[in-house]
Amino acid sequence: FDRGTALQLIRAGVDYQLRETFESALVFGGSTLEALGVDPEDVAETIEDVRRRDTARFETQLAEGIRSGQRFLKGNIGTPIPTPLSTPRRPGQALNEETAGVLHKSEPAD
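This is the structure we're talking about:
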């Protein structure tokens, strides 16, 4: 959340700014990884990778605007799996033998 403010401060000509939210996220994230048993060298490499990509993104956003720099983001969120919005009123019905086999595999065991 401090990215936009930092960009504004730099454009305003400040001598120094510190992105406290970003920095504390790196510290907290590193501590969490270590508590989960991740090797300290891997933690340091991960933090350095995040810092390097963030710097590149920040510089791109400074030059081209806040909406640029998307290519530097890395996500781990897969494609969402849809679920019914409501409970079906009746069980599914197979349209042919092939779908019957699939349908029976997905039925819960009694």
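Just so it is clear: in the sequence shown, position 15 is 281 by our numbering, and no numbers are missing.
The beta-carbon is built from N, C-alpha and C at its ideal position, and this holds for glycine as well.
State yes or no: is the C-beta of residue i within less than 9 angstroms of the C-beta of residue j?
i, j, result
"Phe324", "Leu292", "no"
"Phe338", "Arg319", "yes"
"Gly331", "Ala310", "no"
"Leu351", "Arg277", "no"
"Glu286", "Asp268", "yes"
"Gly335", "Ala322", "yes"
Which of the three DSSP states is assigned to residue i in this structure?
i, result
"Arg337", "helix"
"Ile332", "coil"
"Gln359", "coil"
"Asp305", "coil"
"Leu275", "helix"
"Thr353", "coil"
"Arg319", "helix"
"Gln283", "coil"
Would you mind giving the Cβ-Cβ distance between residue i and residue j, rounded to the nearest angstrom? I have them listed as a contact below 8 angstroms.
i, j, result
"Thr312", "Leu302", "Not confirmed; about 12 angstroms, so no contact."
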